[in-house]
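Since the structure comes first, as structure tokens, the remarks are kept for the end.
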Amino acid sequence: MTTASHPGLRARLTAPARTVWAKHDRGTDGWLPLWRHMEDSAAVAGLLWDTWLPRNVRALVSTELPGGERDGRRLAVWLAGVHDIGKATPAFACQVDQLADRMRDAGLEMRSAKALGPDRRIAPHGLAGQALLGEWLRERHGWARKQVGQLTVVVGGHHGVPPEPGQITALQRHGHLLRSPGPSRDIWQRVQGELLDACAEEYRVQDRLDAWRDVRLPQTAQVLLTSLVIVADWIASNADLFPYFPQDAARSGEERVAAAWRGLDLPAPWSPPAPTEDAQQLIGSRFGLPDGAKARPVQEAAVELARSMGGPGLMVIEAPMGEGKTEAALAVAEIFAALSGAGGVFFALPTMATGNAMFPRLLDWIDRLPSTRGAQHSVLLAHSKAALNEHFADLMRDSAQQIVAVDLDAPKAPRAASAELVAHAWLRGRKKAMLASFVAGTIDQLLFAGLKSRHLAMRHLAVAGKVVVIDEAHAYDTYMSVYLDRVLAWLGAYGVPVVVLSATLPSGRRRELVEAYAGAADAPEEAFEAVARATAYPLLTAVRHGSAPVTRTPGASGRGTDVVLEPFVDDTDVLVDRLAHELEGGGCALVVRNTVKRVLDTAKALRARFGDENVTVAHSCFVDVDRAAKDADLLKRFGPPSTAQGRPSGPHIVVASQVAEQSLDVDFDLLVSDLCPVDLLLQRMGRLHRHQRGSDQQDRPERLRRARCLVTGADWDPEVPVPVRGSVAVYGAYALLRAAAALLPHFEQGDVHPVRLPDDISPLVQAAYADDTDEPAGWADALTDARERYEDHRADQSDRASVFRLGKVGVPGKPLFGWVAAGVGDTDDTPAGRAQVRDSRENLEVVVVQRRNDGTLTTLPWLAPDRHGKALGGLELPRDQVPTQRAAKAAASCGLRLPMQFSYADVMERAIAELEELYVPAWQMKDSHWLSGQLILALDENCQTHLAGFSLSYSESDGLEVTRD
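The following block contains the structure:
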């Protein structure tokens, strides 16, 4: 930027150096000289550092630099300035003839792009820039070859993939791509040196390079510098913010940057002070507790532990369902953010549905934070269907913004007095969205930080500046845990505060999480063994990176339930009779099945006895909008007594799949469950007598005032139970048998030995997952066989996950060369992307519409009107033009993930071919973003169709049913 003390790059350059170009628009023939893009990028990097980067990120970059944050800023600005030096090479400059001719006229000879041929690919400008900067540091400033890589890799990796050693070696053998041989070689070298010298002088690093020569830059700092340069480059490359020449040639650099930055209007990071309230006041004020309500012991202990840690770290909160773990996590997040300088929060959840449920709670919490009042902060719902969420859609609509340089003389709009939450227009898209300050989303977004993929540095910047909360930690299998543990290792190295939540965490898994974050701790092995041996419940475990863990054992809230367990025959007719008996005096029962087929079969039998109106179905095979409506209906009717409306007074049965396990605050009088792993069964029990209904549950039907759970889905007659095939396919025989073994005393003694919640949660979980648990007599052979298959499966999961898993944090000073080598390329929150961090086959996702008898396509007929009363059901979807915005969005809200039958390669291939027969060219246009690229599944007027050898039937009440033709 040109000032009296800094004349700018142009004034430092000779005529040949000023001809080097960086940007060209083939449509307008506009262009940008390299010196100008260097200035733009450096200026943006400085503004990002000063106003947008969280305090902890700045500290991470600067820690090992002798001048601290002052050095950190200089280094970041300088690297942003030189990041495109590789464009000052024949391999790049030859691409636009008229601009290459200007350079040739100044003495910079080069062959044409056609003459250089495919060799040009050996010298992408990032790699070329890495080579030129390294040479300059060695020859002009005396750096050793092994020292330069920790800085030059930032230049080499600014397009998302740090170069690999083989690429570096190949370029060394093709010097003509960096400088044309012959008389002009010296001119090329002089121009390259001029540009680098000018940047060193302009950005005041000339006198710092000697001091930096002995620095060993941590790999975490290299990643963050790379990502900062990427962000600065993306902003400076936006022609709406930084117009090309000749349009913008007249403005000074200072005016140009000021107009762009004001037009961009990036929200500042969250920067909370340490809360001064005691735990009771903190919980009460942040979550709007009514007068007289008190924080739960777990919440109070978590706040006190966070304050005592002396700095950010990892905290594992294990407590029963309904104990306020979410509120505890957010209270701890505020304390951790103040301690660490983190600038936001990422709340990671198992599914899109749980993410949707969490998002409004996150917004409410942000709105109550004193530190957000009068400030603007960016927020994000991070999953592939986020645009269909009403809360997030409202924010995107209200945050409509044109990203363009502004008139500096125009007045600024005033900020709101309360928290202004925006879905910022620039912070959208799969590479930038996670940079928002406050994010609720699926765990996949966090696991992607452990997957070798393009622009991985951006994912690391997104989490490095936040407090990370991981909910339902018990829900992630070995495959996902391989990624999660590696991500935790990097988060520990970054010093990112992490809060892990679970009601049912095996002790061995607790130790793995703590060890992964702590890293190569000096703590003795016994400290981590003590973590694994801890049996208290509730339990808090905390550790700082490189330190020994500590535990706290808060008291329980005093709320508890005794649940009588009863093994029950797996016979639908017998179940119907039993439920008729139990619900004779009214009441609401929940039946949880392990497969959708069992859900639908059970519901059919129950409806024959109880009537359609008294049986509700809930499972994963509903279109998105119906699934959301199901969850809302369940919460409305079966939620807490203080908020529920229309709870059935007569008998009512909800038949559900695993969707009933997580994040639904619903309450039933009786539970029937298929046998499943013990931690999941305990989650299901959390929906039984969840709330107090009258003194001693007197408001429940008399027969159902004692909590009872019938466990079916297995043949209980043999000496060793035999789980049904569908359950074995989902969970494996070993987990099911270990659950049955742990529960055996409760099965055998029934009423006299109930499961006491929460007291028995941890003992049952540890009994089911510990390696040294006694096995029931006569079960040895079955358990040994099942365990062998289980261990083989886990080893296979671990091996497959390790293929694309990010490596460990390297030693300080080791460059990031090959950091994502042999990776997966680009990845995002699509079925294919999620399949890379989850051990699941790629699912087919379709948009479901209806085809009338006349061939017309419409949205599904039963869709409810929108909030403004406008119809959404039965809207026509014309094939000769883009549908209306309302119709297209309504159709897109009917996304459906087809079940496992369609995930096998041959069936999937056939299904895709059949679905692509309904290809509508008009829907693939740029202004058809709701339907472009979607596979369309058209149901007939009876809501039926055939696909890949299967018959499909769909209903609003039962969802999708699939049978073989």
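If you're matching positions, the sequence shown starts at 45 in our numbering and goes up one per residue.
Yeah, the Cβ is synthetic: ideal placement off N, Cα and C, and Gly gets one too.
* **Residue of ARG148, HIS504, ARG234 and MET402 minimising C-alpha distance to LEU479** => For LEU479, the closest of ARG148, HIS504, ARG234 and MET402 by C-alpha to C-alpha distance is HIS504.
inquiry  = To the nearest angstrom, how far is the alpha carbon of PRO162 from that of SER281?
reply    = Rounded to whole angstroms, the gap between the alpha carbons of PRO162 and SER281 is 26 Å.
- Query: Considering only the beta carbon of each residue, do ARG744 and GLY631 sit closer than 8 Å?
  - Reply: Taking 8 Å as the Cβ cut-off, ARG744 and GLY631 qualify as a contacting pair.
Exercise for review: Just list the beta strand (DSSP E) runs in the region 664-752, keeping only unbroken ones of 3 residues or longer that don't cross its boundaries, in chain order.
Suggested key: DSSP runs (the beta strand (DSSP E)) wholly in the region 664-752: 695-700 and 714-718.
| message | My output table needs one value for THR133: the three-state DSSP class, helix, strand or coil. | response | THR133: coil per DSSP, three-state reduction.
- Task: Select from ASP836, ALA779, GLU610 and GLY604 the residue whose C-alpha is nearest the C-alpha of GLN741.
- Result: The residue with the shortest Cα to Cα distance from GLN741 is GLY604.
Problem set entry | Residue environment, HIS518, which counts as buried when at least 16 other CB atoms sit within 10 Å | By the 10 Å Cβ count, HIS518 comes out buried.
Inter-residue Cα distance where the pair is LEU634 and THR756: Answer to the nearest angstrom: the Cα atoms are 13 Å apart.
Pick helix, strand or coil for PHE482, following the three-state DSSP scheme. Residue state, collapsed to three classes: strand.
Requested in this report: Check whether the Cβ atoms of VAL893 and ALA982 sit closer than 8 Å, and answer yes or no.
Outcome: At a Cβ-Cβ threshold of 8 Å, VAL893 and ALA982 count as neighbours.
The beta strand (DSSP E) enclosing ARG838, as first and last residue numbers
Per DSSP, ARG838 is not a residue of any beta strand (DSSP E); the alpha helix (DSSP H) it occupies stretches across 824-846.
Quiz item: Where ALA571 and SER947 are concerned, what is the direct C-alpha to C-alpha distance, given to the nearest angstrom?
Solution: If I take the Cα positions, the gap works out to 45 Å.
For this session: Can you check the region 929-1008 for any alpha helix (DSSP H) of at least 4 residues that lies completely inside it and give the ranges in chain order?
Result: Listed in chain order, the complete alpha helix (DSSP H) runs (minimum 4 residues) inside the region 929-1008 are 929-936 and 949-959.
Spatial neighbours of SER997 within its chain, please: C-beta separation below 6 Å, excluding the five flanking residues on both sides. The answer, listed in chain order, is GLN988 and GLU1005.
Requested in this report: With distances taken Cα to Cα, identify the nearest neighbour of SER995 among ALA839, HIS797, GLN945 and LEU650.
Outcome: Checking every option, the nearest Cα to that of SER995 belongs to GLN945.
Notebook entry, point to check: What residue ranges within the region 340-382 form continuous alpha helix (DSSP H) runs of no fewer than 4 residues, ordered along the chain?
Noted result: If you keep only unbroken alpha helix (DSSP H) runs of at least 4 residues inside the region 340-382, you get 341-352.
* **ASP451, buried or exposed, once every other Cβ within 10 Å from all chains shown has been counted against 16** => Residue placement at ASP451 is poorly supported in this model, since its pLDDT is 49, which falls under 50; the coordinates are not used for a value here.
Report the residue from VAL101, ARG911 and GLN925 whose alpha carbon sits nearest the alpha carbon of HIS435.
If we check each option's Cα against that of HIS435, ARG911 comes out closest.
Practice problem: Can you grab the Cα-Cα spacing for the pair PHE919 / ASN400, in whole Å? | Solution: According to the sequence shown, residue 919 is Leu rather than Phe. Straight-line Cα distance between these residues: approximately 26 Å.
(message) Would LEU557 and VAL360 qualify as a contact pair, given that the criterion is a beta-carbon distance under 8 Å?
(response) Note that the C-beta distance between LEU557 and VAL360 is below 8 Å.
Taking buried to mean at least 16 other C-beta atoms within 10 Å of its own C-beta, is VAL796 buried or exposed?
Exposed: under 16 other Cβ atoms inside 10 Å.
I need the straight-line Cα distance from ARG844 to GLY552, nearest angstrom please. Roughly 22 Å between the two C-alpha positions.
With a CB to CB cut of under 7 Å and the five nearest residues on each side skipped, what residues in its chain are close to SER1001? Its chain contains VAL661 as the residues whose beta carbon lies nearer than 7 Å to that of SER1001, once the 5 sequence neighbours on both sides are disregarded; these appear in chain order.
Where does GLY297 land, buried or exposed, given buried means 16+ other C-beta within 10 angstroms?
Its Cβ being crowded by 16 or more others within 10 Å, GLY297 is buried.
inquiry  = Which of the three DSSP states is assigned to ILE487 in this structure?
reply    = If DSSP states are grouped into helix, strand and coil, ILE487 belongs with coil.
Notebook entry, point to check: Should LYS456 go down as buried or exposed, given a rule of 16 or more other Cβ atoms within 10 Å for buried?
Noted result: Below a pLDDT of 50, predicted positions are generally treated as unreliable, and LYS456, at 49, falls in that range; the measurement from the model is reported next regardless. Exposed: under 16 other Cβ atoms inside 10 Å.
Query raised in the report: Which residues in the same chain have their Cβ closer than 7 Å to the Cβ of LEU724, if we skip the five residues on either side of it in sequence?
Result: Shown here for LEU724: same chain residues with a beta carbon closer than 7 Å to its own, the five before and five after excluded, namely GLU705 in chain order.
| request: State the DSSP-derived secondary structure class of GLY170, mapped to helix, strand or coil. | output: Secondary structure of GLY170 (DSSP, three-state): helix.
Is DSSP giving GLN194 helix, strand or coil here? GLN194 falls in the helix class under three-state DSSP.
* If we cut at 8 Å on Cβ distances, does GLN742 have a partner in chain B? -> Here chain B cannot be found, since the structure has a single protein chain.
What is the DSSP secondary structure of SER525, reduced to helix, strand or coil?
In this structure, SER525 counts as helix in the three-state DSSP scheme.
Exercise. May I ask which residues mark the beginning and end of the alpha helix (DSSP H) holding SER806?
Key: Counting along the chain, the alpha helix (DSSP H) containing SER806 begins and ends at 805-813.
Requested in this report: Mind checking which residues open and close the beta strand (DSSP E) that includes TRP75?
Outcome: It spans 75-77 - the beta strand (DSSP E) in which TRP75 sits, taken as one unbroken run.
I need the DSSP call for PHE903, collapsed to helix, strand or coil. The sequence shown places Thr at residue 903, not Phe. The answer is coil: DSSP assigns THR903 none of H, G, I, E or B.
**Request:** Assign GLU626 to buried or exposed, taking buried as 16 or more other Cβ atoms, counted over all protein chains shown, within 10 Å of its Cβ.
**Result:** Its Cβ being crowded by 16 or more others within 10 Å, GLU626 is buried.
Query raised in the report: Cβ atoms of LEU545 and ASP515: under 8 Å apart, would you say?
Result: Remark: C-beta atoms of ASP515 and LEU545 approach each other more closely than 8 Å.
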